[in-house]
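All remarks here apply to the structure that follows.
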Amino acid sequence: MNIKDIKSLYRFIKGTDIVELEIEGPDGKFRLKRAEQGGGVLAPSPAPVVMQAAPALEAPGGVSEAGKMPDNVKLVTSPMVGTFYSAPSPEVDPFVEIGATISAGQPLCIIEAMKLMNEVESELSGKVIEILVDNGQPVEYGEPLFMVDVKK
Amino acid sequence: MNIKDIKSLYRFIKGTDIVELEIEGPDGKFRLKRAEQGGGVLAPSPAPVVMQAAPALEAPGGVSEAGKMPDNVKLVTSPMVGTFYSAPSPEVDPFVEIGATISAGQPLCIIEAMKLMNEVESELSGKVIEILVDNGQPVEYGEPLFMVDVKK
Amino acid sequence: MFNKILIANRGEVAVRIIRACKELGIQTVAVYSEADRDSLHTKLADFAICIGPAKGTESYLNISSIISAIEVADAEAVHPGYGFLAENAEFAEVCENCGIKLIGPSSATIRVMGNKVEAKTIAEENKIPVLPWSKRAVADEKEALEFAKEIGFPLLIKASSGGGGKGMKLVHTQASLPSAFHMAKTEAHNAFNDPEVFLERFCELPRHIEIQILADEHGNVIHLGERECSIQRRHQKILEEAPSPFMDEKLRKQMGDASIQLAKAIGYHNAGTVEFLVDKNREFYFMEINTRLQVEHPVTEMITGIDIVKEQIRIAAGKKLPLKQKDVTFTGHSIECRINAEDPKTFLPSPGKITELNMPGGPGVRLDSAVYCNSTVSPHYDSMLGKLIVHAGTRNKAIIRMRRALEEFHIEGVKTNVPLHIDIMKDHDFIDGHIDINFLSRYSTK
Amino acid sequence: MFNKILIANRGEVAVRIIRACKELGIQTVAVYSEADRDSLHTKLADFAICIGPAKGTESYLNISSIISAIEVADAEAVHPGYGFLAENAEFAEVCENCGIKLIGPSSATIRVMGNKVEAKTIAEENKIPVLPWSKRAVADEKEALEFAKEIGFPLLIKASSGGGGKGMKLVHTQASLPSAFHMAKTEAHNAFNDPEVFLERFCELPRHIEIQILADEHGNVIHLGERECSIQRRHQKILEEAPSPFMDEKLRKQMGDASIQLAKAIGYHNAGTVEFLVDKNREFYFMEINTRLQVEHPVTEMITGIDIVKEQIRIAAGKKLPLKQKDVTFTGHSIECRINAEDPKTFLPSPGKITELNMPGGPGVRLDSAVYCNSTVSPHYDSMLGKLIVHAGTRNKAIIRMRRALEEFHIEGVKTNVPLHIDIMKDHDFIDGHIDINFLSRYSTK
Chain A
1 MNIKDIKSLY
11 RFIKGTDIVE
21 LEIEGPDGKF
31 RLKRAEQGGG
41 VLAPSPAPVV
51 MQAAPALEAP
61 GGVSEAGKMP
71 DNVKLVTSPM
81 VGTFYSAPSP
91 EVDPFVEIGA
101 TISAGQPLCI
111 IEAMKLMNEV
121 ESELSGKVIE
131 ILVDNGQPVE
141 YGEPLFMVDV
151 KK
Chain B
153 MNIKDIKSLY
163 RFIKGTDIVE
173 LEIEGPDGKF
183 RLKRAEQGGG
193 VLAPSPAPVV
203 MQAAPALEAP
213 GGVSEAGKMP
223 DNVKLVTSPM
233 VGTFYSAPSP
243 EVDPFVEIGA
253 TISAGQPLCI
263 IEAMKLMNEV
273 ESELSGKVIE
283 ILVDNGQPVE
293 YGEPLFMVDV
303 KK
Chain C
305 MFNKILIANR
315 GEVAVRIIRA
325 CKELGIQTVA
335 VYSEADRDSL
345 HTKLADFAIC
355 IGPAKGTESY
365 LNISSIISAI
375 EVADAEAVHP
385 GYGFLAENAE
395 FAEVCENCGI
405 KLIGPSSATI
415 RVMGNKVEAK
425 TIAEENKIPV
435 LPWSKRAVAD
445 EKEALEFAKE
455 IGFPLLIKAS
465 SGGGGKGMKL
475 VHTQASLPSA
485 FHMAKTEAHN
495 AFNDPEVFLE
505 RFCELPRHIE
515 IQILADEHGN
525 VIHLGERECS
535 IQRRHQKILE
545 EAPSPFMDEK
555 LRKQMGDASI
565 QLAKAIGYHN
575 AGTVEFLVDK
585 NREFYFMEIN
595 TRLQVEHPVT
605 EMITGIDIVK
615 EQIRIAAGKK
625 LPLKQKDVTF
635 TGHSIECRIN
645 AEDPKTFLPS
655 PGKITELNMP
665 GGPGVRLDSA
675 VYCNSTVSPH
685 YDSMLGKLIV
695 HAGTRNKAII
705 RMRRALEEFH
715 IEGVKTNVPL
725 HIDIMKDHDF
735 IDGHIDINFL
745 SRYSTK
Chain D
751 MFNKILIANR
761 GEVAVRIIRA
771 CKELGIQTVA
781 VYSEADRDSL
791 HTKLADFAIC
801 IGPAKGTESY
811 LNISSIISAI
821 EVADAEAVHP
831 GYGFLAENAE
841 FAEVCENCGI
851 KLIGPSSATI
861 RVMGNKVEAK
871 TIAEENKIPV
881 LPWSKRAVAD
891 EKEALEFAKE
901 IGFPLLIKAS
911 SGGGGKGMKL
921 VHTQASLPSA
931 FHMAKTEAHN
941 AFNDPEVFLE
951 RFCELPRHIE
961 IQILADEHGN
971 VIHLGERECS
981 IQRRHQKILE
991 EAPSPFMDEK
1001 LRKQMGDASI
1011 QLAKAIGYHN
1021 AGTVEFLVDK
1031 NREFYFMEIN
1041 TRLQVEHPVT
1051 EMITGIDIVK
1061 EQIRIAAGKK
1071 LPLKQKDVTF
1081 TGHSIECRIN
1091 AEDPKTFLPS
1101 PGKITELNMP
1111 GGPGVRLDSA
1121 VYCNSTVSPH
1131 YDSMLGKLIV
1141 HAGTRNKAII
1151 RMRRALEEFH
1161 IEGVKTNVPL
1171 HIDIMKDHDF
1181 IDGHIDINFL
1191 SRYSTK
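As structure tokens, this is what we get:
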């Protein structure tokens, strides 16, 4: 666990309702505490981090491995590098918000790449339990965007 | 297992009564067959090998690990680098021969180092079952010289 | 000078470019596929962006992903390395349109030089010697037979968009020309999506010698001497050296002058390599220009002391060349061995996890590598682990040093061509400098 | 030339010597202790002989074991490296008596130069500047007080057989002289089995600058310029460079001429290093001659292109120096960082198994190392893992390159002083060349 790892984890946590995270190594311990229902942890980040800092030599895997989730929670990841937009234009409402019920094929967000607006459609049906990135934030290929509870 | 390993093992085997040796890796298999009692495998080597060729990067450990011996068989190893002589002078009989019963403190051989003749005394009592080096052969520090059955 | 450069590549060349940037005080952005999350270039860059899955077409060859990554990273320039998008005119054009500086020549230069018929035509117009050829793309069998009469047999059918031997056919007799012509067209179409082919006289047992040039954006062009690249297997170089044991001062000046003249004629800028065939009578023939950094650039760096990658970056930033031709001097001899993860006998790639690794070191040894112990050699990309480069006072000393260094190389988990390189270092023909592009094929049947 | 050389050492210097021998076509015999069975020098040599248990006194310092090994290996010469038996006059004498060629000066030279009183006396006789001193060993307190009046305070009490700061005491006042004198004698006796001490003026904030010389057995002596070795911790060098940022052509000539003169006066042969203190007024004072290869020899090799280890071997084989002084030229700047397995804060050794390793590479980087991934750093010997050496056109570029290379260094399983070296590369005093032998002590309190 070095500064880069911590930064990278923090960046992950920042977009979620995780309020406590404890990790021991190697593979030994893992503790995660989420905010109580209704807690408003999801404040927008004032200075969005531009990209993932290069992982240090000792950092295995990427952000998506940071937490192990229950089987019913799935991630929607970014299909390309670009800028994440939660709505088709600044004036209108976001495609989805936390708590929304979604079905496969429904548009979830837009990734702008090379000035093209690419609509990302959901491959899952369920309930959106987290939006992991901020509006206007650059995202990598494979970066988790939404947490969906597929049981609901 | 490369040529160097094979040569090194052959050199080890040459001074013993091993007649067959099978090794598989890694740590998987090991088979060793010794000569029948009275079999004369211990022919003197016509061209003594001057020294141990450098072990290749992949060769773990040294000669002494090549075979695992029964608990009652112990090795007398060379206390220094030098030339092994089985007798105090060419005209006289060797200190010990195969089958000899020895007791602790008894001289076993001479190692010549820097023109000095160093008598090697036994720290074991028992029966000499193998002499592992040839008369006049250079030996390393720690190189096995005699196999002694300490039960007898 | 640039503040931040994105490197649109992977492996040792990405590491090489990161090193140059760090020494120039420029921030680096690596892009990586999912398979390269733990690769050295991903770890060494200041920033790293995942651009797609392992497959090259979906990551390192995906122009829109890379442009997006440049934009989100706010990089001012992009270095394409070699391979992938390095000679892709479309990528260069997109960069130009997006206001991103591509560290290389213009898209127009890349496009023209990517077509061998156009390149040869321009060379001839500039009085650079070329092998007798059909002077244009050959339309049909009938034209082929006509041109063949002029050129004579044996001759080569080559693809206009070709490279790496694909779409190339050697024809010894008129009788076999028609079928070879159609096969070449089909191959060219499949490999390059362009069935255009032309005819060229076949040069027997030539040497492959190339001239490194540097051209700034102010019209200054210099050459950094030649590289001998005759040791090839199936048109893939595996060992290069500088200077060429075949070269003399007069021929170097002729080939260097021709290269500079051509570069000036086409308004070339940035680093480039002019490839020639040289026959046993020391006649040289223009083949093509590689509009990018070459794998084998370090041997030139070792004998000239010039950092070609840094010069590329400075040129792209609009700087003038710091040297004139007379300032370029050559010291000693350098050899590069490409270390590939492959079976030294079957030449089949050997991907896997590197479980033990000892790299050579000591005086006169340079390693441009992208692997480390416990790293994984991916099956998705080319099998080159890195390059072992030596420098010494003379060619003979360089050969001895390379052999010493190769013998220190120890790797487990993947097979490599190190044993083949050791054999080459002991080969009397190689030691005597008797090499041509068939050296390795003759050699491997020994 | 020799056919077979035994290397009476371990670690990176043994590897360095094996490399030189291989390039000269000489067979190599490594000796190793039981703890070094899997060490790199054991693996790289053509032959390897186990000479004893891990403890140095029973293996690498055991003269009779090493002589026996030379005899059974039938080696014609022995290279002692540095440390262990490298400046042991008795070992040199035994070699001479046994007809074994020691690659180094004669036992007589080693013995005389091992005694600092004798060395300083000879230097003074040859008009080489020395710091004001007692001119001989000091017998008792009374003599010490008399000499102290002449020399003045502050002064140093030093052991005649000393080295590495042992038996050395700094004295500021007459009152503290007697007790310091007795403490120094006791320390000297314990450390070197020789209680002899002498007095010397204390030079404040000096630089430690040394001159590399090469002397053949035919009376020819040249110098290869200086090395700046002021970055020391407790009298242990950790970083060296060449040329010294403090040096100018005039001072280099003066110190070089003095070194050559001294070497000729004592009939020195083989490689050697003349150590000087240089004060802020550019006055230089002879300290001692190291009658062996220095750890930091690569920085001189990098700027001169001369392979010092090969020259040592050629000289020992009776060859004449291939160069005259005027042929020695200096190109660019070189820095060496000693990479030690130690805690970068507490400086305590950190032995262990290396579980992850990425070594730096690329242009201008040389690694003289004896470790590999999955190898074990033994607690029995000194903690140096190897040396990272860079070369570049200027000192500033060399510093940037070293920092880049250090940042690529990645090792797990042992702690190293790489972070300390990175800090030094960023230090403004270091970058500006404001260094003296207290640099690191001031630095570590920052």
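Residue numbers (our numbering), protein chains in the order written: chain A, 1 to 152; chain B, 153 to 304; chain C, 305 to 750; chain D, 751 to 1196.
Here a beta-carbon is modelled for each residue, glycine too, at the ideal position from N, C-alpha and C.
Rounded C-alpha distance that separates residue i from residue j
i, j, result
"Glu-990/D", "Val-1049/D", "7 Å"
"Ile-755/D", "Thr-792/D", "14 Å"
"Pro-70/A", "Ser-78/A", "21 Å"
"Lys-528/C", "Val-613/C", "A quick correction: the sequence has Leu, not Lys, at residue 528/C. About 13 Å."
"Ala-47/A", "Gly-136/A", "Residue confidence is low: Ala-47/A scores 32 on pLDDT, short of 50, so the model does not pin down where it sits. Its coordinate-derived value is still stated next. Roughly 11 Å between the two C-alpha positions."
"Arg-951/D", "Leu-905/D", "5 Å"
"Arg-746/C", "Gln-536/C", "11 Å"
"Ile-321/C", "Ile-330/C", "11 Å"
"Ser-1125/D", "Ala-764/D", "16 Å"
"His-738/C", "Ile-801/D", "46 Å"
"Glu-1220/D", "Leu-881/D", "Since the first residue of chain D shown is 751 and the last is 1196, residue 1220/D is not available in this structure."
"Leu-597/C", "Gly-576/C", "7 Å"
"Lys-115/A", "Val-398/C", "12 Å"
"Gly-294/B", "Ile-757/D", "20 Å"
"Pro-683/C", "Asp-672/C", "20 Å"
"Phe-841/D", "Leu-790/D", "25 Å"
Residue i, enclosing alpha helix (DSSP H) - first and last residue
i, result
"Glu-874/D", "866-875"
"Ile-1181/D", "1178-1181"
"Asp-1007/D", "999-1015"
Residue i: first and last residue of the uninterrupted beta strand (DSSP E) it sits in
i, result
"Ser-638/C", "637-644"
"Pro-259/B", "259-265"
"Ser-910/D", "Element bounds for Ser-910/D: n/a, residue is neither H nor E."
"Glu-1025/D", "1020-1028"
"Val-1115/D", "1115-1119"
"Ile-283/B", "278-283"
"Ala-546/C", "540-546"
Nearest neighbour of residue i, chosen from the options [CA to CA]
i, options, result
"Asn-366/C", "Ala-113/A, Pro-70/A and Ser-125/A", "Ala-113/A"
"Leu-124/A", "Val-92/A, Glu-130/A, Val-139/A and Val-148/A", "Val-148/A"
"Lys-314/C", "Met-305/C, Ile-404/C, Phe-306/C and Ala-339/C", "According to the sequence displayed, residue 314/C carries Arg and not Lys. The shortest C-alpha separation from Arg-314/C is found at Ala-339/C."
"Asp-1186/D", "Thr-1166/D, Asn-838/D, Ile-872/D and His-985/D", "His-985/D"
Close-in-space but distant-in-sequence residues of the same chain around residue i (CB under 8 Å, 5 per side omitted)
i, result
"Ala-488/C", "Ile-461, Lys-462, Ala-463, Gly-471, Met-472, Lys-473 and Val-501"
"Glu-97/A", "Val-128 and Ile-131"
"Cys-507/C", "Leu-435, Leu-581, Asp-583 and Tyr-589"
"Asn-430/C", "Gln-565, Leu-566 and Ala-569"
Beta-carbon proximity list for residue i, same chain, < 6 Å, skipping 5 on both sides
i, result
"Arg-670/C", "Ile-693"
"Leu-1156/D", "Val-1168, His-1171 and Ile-1172"
"Pro-259/B", "Phe-247, Glu-271 and Glu-273"
"Asn-1020/D", "Gly-854, Pro-855, Gln-1062 and Ile-1065"
"Ser-86/A", "Pro-94, Cys-109 and Asn-135"
"Met-729/C", "Ile-703, Met-706 and Arg-707"
Segments of 3+ residues assigned as beta strand (DSSP E) that fall wholly inside the segment 770-841 of chain D: At a cut-off of 3 residues, the continuous stretches assigned as beta strand (DSSP E) that sit fully inside the segment 770-841 of chain D are 777-783, 797-802 and 827-829.
Length at least 4, wholly inside the segment 1140-1171 of chain D: the alpha helix (DSSP H) runs in chain order: Given a length threshold of 4 residues, each whole run of the alpha helix (DSSP H) inside the segment 1140-1171 of chain D is given here in chain order: 1145-1158.
Mind pulling the alpha helix (DSSP H) runs of 4 or more residues that sit fully within the segment 874-943 of chain D? List check, alpha helix (DSSP H) in window: 891-901 and 927-942.
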